[in-house]
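*Asks:* Dumping the structure here so I can ask a few things about it.
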Amino acid sequence: MSILLILEQVLNGLQFGVMLFLMAAGLTLVFGVMGLINLAHGALYMVGAFAAAAVAGLTGSFLLALVASLAAAAAAGAIVEVAVIRRLYDRDHLDQVLATFALILIFSEGTRWIFGSFPLFLDVPDYLSGPVTLPGGIEYPMYRLTIIAIGLVVAAALFWLIARTRIGIQIRAGEADREMIAALGVDISKLYTLVFALGAALAGLAGALVGAIQSVQVGMGEPVLILAFVVIVIGGIGSIKGALVGAVLVGLTDTLGKVFLPQFFGLFLEPASATSVGASLASMLIYILMALVLLVRPSGLYGGSN
Amino acid sequence: MTDMTPVLRVEGISKSFGALKASDNVSLDLRPGEIHALIGPNGAGKSTLIKQISGSLRPDSGRIEVLGRDVTDLDTVARARLGLGRTFQISSLAMEFTVLQNVVLGALGARGRAFSFFRNVMKDKALLETACRALERVGLQEEAQRRTADLSHGQRRQLEVAVALTLQPKLFLMDEPMAGLGASGSKALTGFLDELRQEAPILLVEHDMDAVFALADRISVLVYGAVIATGTADEIRANAEVRRAYLGEEDAA
Amino acid sequence: MPTRETTLNIALAATLLAVPLLALAMDEIFIITLATKVAILALAGVGLNIALGIGGLVSLGHAAFFGIGGYAMGILAAHAQNYDPIMEVPFLIEGTNQMPIIWLVAIVASALAALVIGALSLRTSGVYFIMITLAFGQMLYYFAISWSAYGGEDGQSIWVRNEFPGLNTLDPIQFFLIAYVILCVVLVFSARLARSPFGLALAAARQTEERVMTVGLTPFHLRLVAFVISGAITGLAGALYADLNRFVSPTMLSWHTSGEIMVFVIIGGVGRLFGPLVGAAVFILLEHILGGFSEYWQIFLGLLLLLMVLFARGGLIGAVAGREVAHD
């Protein structure tokens with residue numbers, strides 16, 4: 009077990025974490041500001057990926073594809089917010105869960121209708137493919153490094169947005185007291201649509217970026233959505249910082265667990281059992297992590313009382 | 448000679464939220480047969496104090512005793528089982544239930560054995576008897592089958608008291624029972640509470656000064672989390688500090 | 004004088020019995036199978052309805068119990084059909100293909116799982132609770148996928164339907180009757196539960212947690228018991244479902260399945276005794292009628308659900324029988 013291998017997996021975990029953060033940030037913002045649980049967030053991830061694949065196929069430009077993913081997801085988010093989500097803010101969580109679950113059905117089957125069941129392909133552009141040699145002699149795919157970089161830039165931008173801009177103040181105020189900001193004259197509907205679209209755009213970007221490594225297909229957003237939920241439960245609902253910490257934690261735990269648990273069990277079990285037990289345990293690891301965090305801090309690491 | 452051991456004793460209760468001291472070394476007691484009113488300007492910390500007495504909030508320091516027993520570490524449910532009856536400032540009733548169902552709930556809680564799965568609870572003679580008696584005492588027996596959501600505000604207040612009664616509590620904690628009641632409603636409730644004190648003493652948080660001065664054997668005044676005076680109605684009326692605290696309020700009002 | 008809802012319920016129960024009997028007379032075996040599916044899915048929904056409808060617990064991970072029941076059946080039957088004991092040391096545990104034993108195991112296993120999951124999840128509330136139940140369901144889903152002993156992602160087939168003493172379970176109408184009787188028994192149980200002291204306290208905890216505490220009852224205990232009962236019933240449904248299909252796979256544990264079970268309950272009317280039955284019937288009908296026209300029929304299910312949530316909260320039973328009459 010070499011240091012190089014470990015470092016490579018750490019970077020993979022970081023990359024995974026950063027993608028989860030993009031998903032989780034949108035989810036936690038929407039919940040923090042609007043009090044709404046949105047199961048359809050994964051659908052927006054999928055929309056971004058499909059838009060990127062389509063545009064990349066048409067124009068051949070990866071950059072345009074990324075822009076398309078942001079735009080398409082944001083647009084889809086805005087439309088959905090105005091048409092459906094808006095009516096759910098005052099409803100109880102059950103209604104929100106059901107309505108957004110309905111949206112998932114509509115989006116998934118709708119996408120399948122338009123694009124068919126076969127996955128689309130989105131290729132990593134040439135200028136981003138190939139390995140990069142990092143200090144220490146590790147060779148790591150350039151593309152994955154780019155993803156990490158983009159993710160960190162977005163995180164920084166988000167923190168700046170929340171902390172330093174007027175929109176950010178409105179968001180923070182909205183999280184603290186929804187009725188108050190309406191009373192203060194802030195245009196709530198526009199703010200909410202904006203926040204929702206922002207979250208959607210982030211999800212779409214994540215979908216596009218990951219779509220180049222995995223494939224672009226219907227339902228791709230769902231496993232990621234659930235993980236994003238785990239992330240914000242661990243990090244604390246409503247906290248962007250919690251989303252980042254939680255995402256990195258989950259990303260690292262999952263990636264390192266999947267690689268090293270089978271090896272760990274291989275130390276004293278025979279290979280077949282080791283892989284099987286290791287893989288099973290690894291797949292449950294993040295949920296165990298979530299359960300542990302909740303036992304100690306029921307509101308998550310950075311969650312306030314709700 | 449009536450027994451003067453306090454039914455409720457609050458000693459040195461303090462609670463801070465960050466820099467805000469919501470309860471500042473509060474001590475008071477509740478004697479058998481008395482109505483002890485807790486008054487004070489808005490933001491004085493009355494709700495916080497009530498929450499600590501009822502068990503939903505833990506004090507940072509201090510001690511609470513019910514019937515001589517230290518309950519500081521017990522939760523709301525345990526305190527209820529010891530006989531602490533409660534009514535809420537904002538009606539805390541099951542809105543979908545009928546009036547009778549709400550009171551039966553109270554009777555069920557008092558009896559315990561809620562983990563019974565096969566009997567029809569609304570046909571349980573013992574529970575119904577307790578429930579109906581409570582309803583009769585507050586005068587709501589005619590409304591037994593009405594949906595709680597359809598009751599008037601005043602009737603919901605009555606229902607709150609009825610539910611508290613089913614517990615046959617050793618003491619009552621009442622948080623602004625007069626709130627939202629009109630003149631006749633307040634008068635009726637005042638008369639009711641006057642009688643009720645014989646069964647179990649009442650710690651009463653109230654803003655309605657007429658009711659307070661009519662009912663209270665003793666009054667404690669809470670300002671900025673601390674009790675600045677405790678005494679009879681006359682003593683409190685004459686107290687200079689209290690007048691200052693309230694005169695300020697009345698000027699602004 | 005029975006209420007509108009009671010009359011409706013009796014009619015529904017009668018219809019569910021009449022349809023397959025009629026189909027038998029007309030030799031339409033497929034319809035009998037559909038009716039069996041409706042009965043079993045309704046059972047799953049009745050389970051969820053206890054936690055969700057009475058208790059207000061939005062459990063998005065109930066597929067966990069459905070799947071545990073299914074896998075209980077799958078494991079026991081697989082070992083039976085292979086003549087391969089499950090465990091030899093320290094005790095001999097063999098598989099079985101006897102339904103009553105399988106049902107017992109399914110119920111106990113799901114109840115235990117619900118106890119553990121509930122004890123952890125019920126410490127939270129609101130959105131946290133929803134997400135945590137979802138997460139636990141997913142945890143079991145991924146575990147099942149990685150558990151290659153029972154097929155992993157491909158699932159486990161059972162070649163012959165399990166046995167019930169005295170009946171020919173391979174006969175569609177007899178298997179339907181088994182499912183139907185179980186459904187009726189559970190419905191009676193559920194109705195009595197709702198009217199019981201426990202049901203009253205649980206429903207009160209949903210509406211006003213504070214009040215329940217101040218009358219001396221602990222909401223956490225009430226909810227945990229409800230969650231366990233709820234999980235056990237859904238687990239039984241899972242065992243029956245796997246038996247019907249002679250197949251169990253991780254899909255039974257997926258959150259889509261959790262969502263679907265919730266959809267049955269909602270379409271019929273959450274909290275209504277026969278809600279899950281109506282919901283399951285509508286779902287199966289849509290699947291087969293609309294599904295015949297388009298393989299994208301779930302879009303319409305989604306639209307129906309959306310419209311229902313936005314505009315018709317009482318579900319179908321609510322639309323027909325009005326607001327629930329207080330139990331007396």
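Residue numbers (our numbering), protein chains in the order written: chain A, 9 to 314; chain B, 448 to 700; chain C, 4 to 331. Note that the Cβ used here is the ideal one computed from N, Cα and C, for glycine as well. All of these numbers come straight from a predicted model, not from anything done at the bench.
(1) Looking at C-beta atoms only, is the number of pairs between the segment 528–537 of chain B and the segment 473–492 of chain B that lie closer than 8 Å three or more?
(2) Note down, in chain order, all residues in the segment 575–602 of chain B with a beta-carbon under 8 Å from any beta-carbon belonging to chain C.
(3) Strictly under 8 Å for the Cβ-Cβ distance: is C:Met265 near chain A by that measure?
(4) Measuring CA to CA, which of C:Asn12, C:Glu8, C:Leu51, C:Leu20 is closest to C:Thr260?
(5) Under 8 Å between C-beta atoms, does A:Gly40 make it to chain C?
(6) Going straight from the alpha carbon of C:Leu173 to that of C:Lys40, what length do you get?
(7) Can you tell me which of A:Ile296, A:Ser125, A:Leu300 puts its alpha carbon nearest to the alpha carbon of C:Gly140?
(8) Provide the residue span of the alpha helix (DSSP H) that contains C:Met76, from first to last.
(9) Since B:Leu475 and B:Val457 are thought to touch, with beta carbons under 8 Å apart, how far apart are those beta carbons, to the nearest angstrom?
(10) Give me, in chain order, the residues of the same chain whose beta-carbon lies closer than 7 Å to that of A:Ala290; leave out the 5 immediate sequence neighbours on both sides.
(11) Taking the alpha carbon of A:Thr119 as the point to measure from, which residue in C:Gln301, C:Leu313, C:Arg326, C:Ala322 has its own alpha carbon closest?
(12) Quick check on the burial criterion: 16 or more other C-beta atoms within 10 angstroms. Buried or exposed for C:Ile133?
(13) Under 8 Å, Cβ to Cβ, is there at least one residue of chain A near C:Leu44?
(14) What did DSSP end up calling A:Phe24 once you bin it into helix, strand or coil?
(15) Taking buried to mean at least 16 other C-beta atoms within 10 Å of its own C-beta, is B:Asn549 buried or exposed?
(16) Check A:Tyr148 in the structure and name its three-state DSSP category.
(17) Given a cut-off of 8 Å on the beta-carbon distance, is the pair C:Thr36 and C:Pro175 in contact?
(18) With distance defined between alpha-carbon atoms, name the residue in C:Leu25, C:Thr211, C:Ala207, C:Val323 nearest to C:Phe277.
(19) Interface residues of chain A around C:Thr377 at Cβ under 9 Å?
(20) Please confirm if B:Phe619 has its CB atom under 8 Å from at least one CB of chain C.
(21) Alpha carbons only, please: which of B:Ala658, B:Lys493, B:Ala541, B:Ser631 is nearest the one belonging to B:Arg603?
(22) Against chain A, does C:Ile302 count as a neighbour if the rule is that its beta carbon must be under 8 Å from one of theirs?
(23) Ends of the beta strand (DSSP E) at B:Glu458?
(24) Residues in its own chain within less than 7 Å of B:Thr495 by CB, not counting five upstream and five downstream?
(25) Just the Cα atoms here: how many angstroms apart are A:Ile242 and A:Arg180?
(26) Which residues of the segment 228–246 of chain C have a Cβ closer than 9 Å to any Cβ of chain B? Give them in chain order.
(27) Distance cutoff 8 Å, beta carbons only. Does B:Val457 sit that close to anything in chain C?
(28) Check for me: the beta strand (DSSP E) holding B:Glu512 runs from which residue to which?
(29) Can you grab the Cα-Cα spacing for the pair B:Ile666 / B:Arg644, in whole Å?
(30) Could you check whether the Cβ of C:Gly158 sits closer than 8 Å to any Cβ belonging to chain A?
(31) Find out if the Cβ-Cβ distance for the pair A:Leu303, A:Ile146 is shorter than 8 Å.
(32) Specify the secondary structure class of C:Glu327 as computed by DSSP and reduced to three states.
(33) Counting along the chain, where does the alpha helix (DSSP H) carrying A:Ile294 start and finish?
(34) May I ask which residues mark the beginning and end of the alpha helix (DSSP H) holding B:Arg665?
(35) Quick one: is C:Leu225 near chain B, going by C-beta distance under 8 Å?
(36) Scan the segment 272–289 of chain A for residues whose Cβ lies nearer than 7 Å to a Cβ of chain C and list them as they occur along the chain.
*Replies:* Result, derived from the coordinates:
(1) Too few Cβ pairs lie closer than 8 Å, so no.
(2) Cβ contacts with chain C: Gln592, Arg594.
(3) By this cut-off, C:Met265 is an interface position.
(4) Among C:Asn12, C:Glu8, C:Leu51, C:Leu20, the Cα nearest to that of C:Thr260 is on C:Leu51.
(5) Not closer than 8 Å to any Cβ of chain C, the Cβ of A:Gly40 fails to qualify, so no.
(6) A direct Cα-Cα distance of roughly 15 Å separates C:Leu173 from C:Lys40.
(7) Among A:Ile296, A:Ser125, A:Leu300, the Cα nearest to that of C:Gly140 belongs to A:Ile296.
(8) Run containing C:Met76: 66–84, per the alpha helix (DSSP H) assignment.
(9) Contact holds; Cβ gap of about 5 Å.
(10) For A:Ala290, same chain residues with a beta-carbon under 7 Å away, outside a window of 5 residues either side, are Gly265, Lys266, Leu269 in chain order.
(11) Ranking the options by Cα distance to A:Thr119, first place goes to C:Gln301.
(12) Buried: at least 16 other Cβ atoms inside 10 Å.
(13) Judged by the 8 Å Cβ criterion, C:Leu44 is not in contact with chain A.
(14) Note: A:Phe24 maps to helix in three-state DSSP.
(15) The residue is buried, with at least 16 neighbouring Cβ atoms inside 10 Å.
(16) The answer is strand: DSSP assigns A:Tyr148 an E or B state.
(17) Contact: yes.
(18) Checking every option, the nearest Cα to that of C:Phe277 belongs to C:Val323.
(19) The structure shown does not extend to residue 377 of chain C, since chain C is modelled only from 4 to 331, so the question has no answer here.
(20) Answer no: the Cβ-Cβ gap between B:Phe619 and chain C never drops below 8 Å.
(21) In this structure, B:Ala541 is the residue among B:Ala658, B:Lys493, B:Ala541, B:Ser631 with its C-alpha nearest to the C-alpha of B:Arg603.
(22) Chain A contact via Cβ: present.
(23) It spans 455–464 - the beta strand (DSSP E) in which B:Glu458 sits, taken as one unbroken run.
(24) Correct list, in chain order: Lys462, Ala469, Ser470, Leu504.
(25) If I take the Cα positions, the gap works out to 20 Å.
(26) Within the segment 228–246 of chain C, the qualifying residues are Val228, Ile232.
(27) Taking CB atoms only, B:Val457 has no neighbour in chain C less than 8 Å away.
(28) Start and end: 508–513.
(29) Taking the straight line joining both Cα atoms gives about 15 Å.
(30) So, not an interface residue.
(31) No. Outside cutoff.
(32) In the structure shown, C:Glu327 sits in coil (DSSP, three-state: anything other than H, G, I, E or B).
(33) The continuous alpha helix (DSSP H) containing A:Ile294 extends over residues 279–304.
(34) Careful: B:Arg665 lies outside any alpha helix (DSSP H), inside the beta strand (DSSP E) at 665–670.
(35) Yes, its Cβ sits closer than 8 Å to a Cβ of chain B.
(36) Along the segment 272–289 of chain A, going in chain order, the ones with a CB nearer than 7 Å to a CB of chain C are Ser284, Ala287, Ser288.
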